[in-house]
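One structure below.
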Amino acid sequence: MSKNFGNKYPEDRNKSNSSNAGFFQSIYNYLVNLIRKNPNHHESEINKQLNKSFNFYVNHYKDKINIHVEDPSIAKMGLINLLNDCYIVTFLQILFHTPNFLKVIRKYNTGKEESIINYLILVSEYPFNVQYFYELKQLLGLINPEYAKPWSNDSQEFGIDLINYMVSETKGPVYENNNEINIGEEKEKDFINVKKKILDNYISTYQNKVNDLEKLFVFNQLDIFCGENFKNPSVFSNLHLELSLQKFMNYIKIENLIEEKYKNDNINPNHNQIIIKSKIVSLPEILIVTINRVLSNKNINNSRVMFNGILDLKNYIDYDLFNDNNKKTTYHLYAINECIHDSRTSHYICYIKIENKWFIFDDDRRVEEFYVNSENLSSPSVVGLFYKRDI
43 MSKNFGNKYP
53 EDRNKSNSSN
63 AGFFQSIYNY
73 LVNLIRKNPN
83 HHESEINKQL
93 NKSFNFYVNH
103 YKDKINIHVE
113 DPSIAKMGLI
123 NLLNDCYIVT
133 FLQILFHTPN
143 FLKVIRKYNT
153 GKEESIINYL
163 ILVSEYPFNV
173 QYFYELKQLL
183 GLINPEYAKP
193 WSNDSQEFGI
203 DLINYMVSET
213 KGPVYENNNE
223 INIGEEKEKD
233 FINVKKKILD
243 NYISTYQNKV
253 NDLEKLFVFN
263 QLDIFCGENF
273 KNPSVFSNLH
283 LELSLQKFMN
293 YIKIENLIEE
303 KYKNDNINPN
313 HNQIIIKSKI
323 VSLPEILIVT
333 INRVLSNKNI
343 NNSRVMFNGI
353 LDLKNYIDYD
363 LFNDNNKKTT
373 YHLYAINECI
383 HDSRTSHYIC
393 YIKIENKWFI
403 FDDDRRVEEF
413 YVNSENLSSP
423 SVVGLFYKRD
433 I
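Start counting the sequence shown at 43; every next residue gets the next number (the numbering used here).
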């Protein structure tokens with residue numbers, strides 16, 4: 043029997059901790075009304091009001107503010123939500139429980155107070171320190187100004203932006219290999235030779251510079267788009283699997299979405315171009331699966347996605363090019379990101395597997411254990427699945 047996620051909201055959520063809900067709502071309404079009354083309000087003035095409201099949060103958390111968490115990856119503790127920040131909180135909570143994530147970013151901690159990585163570490167260690175979270179939120183504006191403002195955004199998009207930013211900040215310089223690859227003499231259907239030439243150039247240029255964050259997250263595919271006369275091909279490497287529900291309706295299997303993404307190799311005979319569809323050539327320790335929902339389409343937005351606790355990508359590997367000594371392609375689910383909504387509001391929560399037990403994380407509310415039958419799961423509101431590789 044499928045386990046239905048998302049039943050905690052909105053009924054149960056509104057019943058519990060109503061005093062906190064009223065407190066957060068009053069602060070948020072104050073700031074939104076301030077901005078709406080004066081749409082020409084200068085950004086610095088809005089930030090002043092944010093700073094002013096910060097004092098309310100300090101007072102609210104004064105009994106918890108110095109709590110220190112020794113090991114966030116096994117801590118059953120929520121994170122604070124300052125101003126409509128559930129989309130930030132849920133993704134951070136999952137990152138803090140991602141194997142090796144904190145260990146890796148501590149290696150790149152510069153010690154600078156203005157560093158996003160530094161404040162990520164501080165927030166993970168002091169989950170109720172409002173000052174640390176507030177400073178981190180302001181720094182997130184370096185990635186996208188929207189992330190520093192008091193309204194919600196897409197959690198998965200935020201998380202991918204954050205990881206990409208950290209990778210770019212910690213990556214050393216890469217000097218492109220300018221050797222032109224001429225594959226025009228190859229037979230049009232000799233895909234193996236074409237791909238090997240391009241992959242060799244890709245590896246010599248980029249893969250030798252991969253850092254620990256990239257090894258943890260970056261999900262390499264081989265998308266080849268060759269221009270006229272089959273020269274100057276481009277190779278695309280992505281961070282995660284991004285799947286779309288637009289061609290499907292209710293009760294979708296995650297395997298069907300992946301199969302839709304990875305179709306057979308093909309040739310486009312027009313304009314003398316060759317297009318080789320993506321195949322996986324190397325795998326990261328962590329695989330992030332983003333499920334795109336169409337908010338304007340109720341049927342698609344409420345589509346129930348079915349998924350298992352184990353995901354095997356063996357059918358989508360290009361074994362001719364798979365340059366990983368470990369041939370294991372199996373991933374185990376350890377976190378689920380959900381956006382649960384009704385006609386008026388939406389709210390992000392997450393489920394995280396800790397020591398073989400599942401727990402619900404809903405901002406700073408009490409973390410609760412949650413029974414999950416990992417063999418057959420489904421959710422009408424899942425937007426992100428997080429898997430760790432069997433290594």
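Don't be surprised by glycine CBs; every beta carbon is placed ideally from N, CA and C.
Nearest candidate by alpha-carbon position, reference residue i, set the options
{"i": "H383", "options": "S423, K369, K370, F349", "result": "S423"}
{"i": "P391", "options": "L121, L353, T152, M348", "result": "For clarity, residue 391 is Ile in the given sequence; the question names Pro instead. Nearest option by C-alpha distance: L121."}
{"i": "L353", "options": "F200, P141, L375", "result": "L375"}
{"i": "E199", "options": "H282, S388, Y429", "result": "H282"}
{"i": "V252", "options": "G214, K239, K238", "result": "G214"}
{"i": "L181", "options": "P169, D254, L162, S286", "result": "L162"}
{"i": "N329", "options": "I433, D265, K238", "result": "Going by the sequence as given, residue 329 is Leu instead of Asn. L329 has its Cα closest to that of I433, out of I433, D265, K238."}
Cβ-based burial, residue i [other Cβ within 10 Å; buried from 16]
{"i": "D360", "result": "buried"}
{"i": "R148", "result": "exposed"}
{"i": "E256", "result": "buried"}
{"i": "D406", "result": "buried"}
{"i": "T140", "result": "buried"}
{"i": "V425", "result": "buried"}
{"i": "S210", "result": "exposed"}
{"i": "V100", "result": "exposed"}
{"i": "D196", "result": "buried"}
{"i": "P311", "result": "Because P311 carries a pLDDT of 49, less than 50, the predicted location of this residue cannot be relied on, and no value is offered for it."}
{"i": "G153", "result": "exposed"}
{"i": "S324", "result": "buried"}
{"i": "I402", "result": "buried"}
{"i": "N379", "result": "buried"}
{"i": "D105", "result": "exposed"}
{"i": "W400", "result": "buried"}
{"i": "N160", "result": "buried"}
{"i": "Y413", "result": "exposed"}
Straight-line gap, residue i to residue j (C-alpha atoms, nearest Å)
{"i": "E327", "j": "R346", "result": "27 Å"}
{"i": "Q263", "j": "K321", "result": "5 Å"}
{"i": "I136", "j": "M208", "result": "16 Å"}
{"i": "L144", "j": "N344", "result": "34 Å"}
{"i": "N350", "j": "F98", "result": "43 Å"}
{"i": "S388", "j": "L258", "result": "31 Å"}
{"i": "E411", "j": "V236", "result": "51 Å"}
{"i": "E302", "j": "R335", "result": "16 Å"}
{"i": "T371", "j": "V172", "result": "41 Å"}
{"i": "L134", "j": "I240", "result": "36 Å"}
{"i": "Y189", "j": "F170", "result": "20 Å"}
{"i": "E177", "j": "D265", "result": "39 Å"}
{"i": "K305", "j": "L285", "result": "13 Å"}
{"i": "L363", "j": "I245", "result": "11 Å"}
Beta strand (DSSP E) segment containing residue i, residue limits
{"i": "L363", "result": "Run containing L363: none; DSSP gives neither H nor E here."}
{"i": "L353", "result": "352–354"}
{"i": "M348", "result": "347–349"}
{"i": "G426", "result": "424–431"}
{"i": "E156", "result": "Per DSSP, E156 belongs to no beta strand (DSSP E) and is neither H nor E."}
{"i": "E411", "result": "410–412"}
Residues that residue i bridges to, as DSSP identifies them
{"i": "Y393", "result": "I378, I402"}
{"i": "Y161", "result": "Note: Y161 sits in no beta bridge, so no partner."}
{"i": "I322", "result": "Q263, I359"}
{"i": "L285", "result": "I333"}
{"i": "I109", "result": "Paired residue(s): none; I109 is not in a bridge."}
{"i": "N280", "result": "F261"}
{"i": "T371", "result": "Answer is none; T371 lacks a bridge partner."}
8 Å Cβ cutoff, residue i in contact with chain B
{"i": "L121", "result": "Annotation note: the requested chain B is absent from the structure, which comprises a single protein chain."}
Host alpha helix (DSSP H) of residue i (start-end)
{"i": "S210", "result": "197–212"}
{"i": "S420", "result": "Counting along the chain, S420 falls outside any alpha helix (DSSP H), though it belongs to the beta strand (DSSP E) covering 419–421."}
{"i": "E297", "result": "296–303"}
{"i": "E177", "result": "172–181"}
{"i": "I147", "result": "143–149"}
{"i": "T132", "result": "128–138"}
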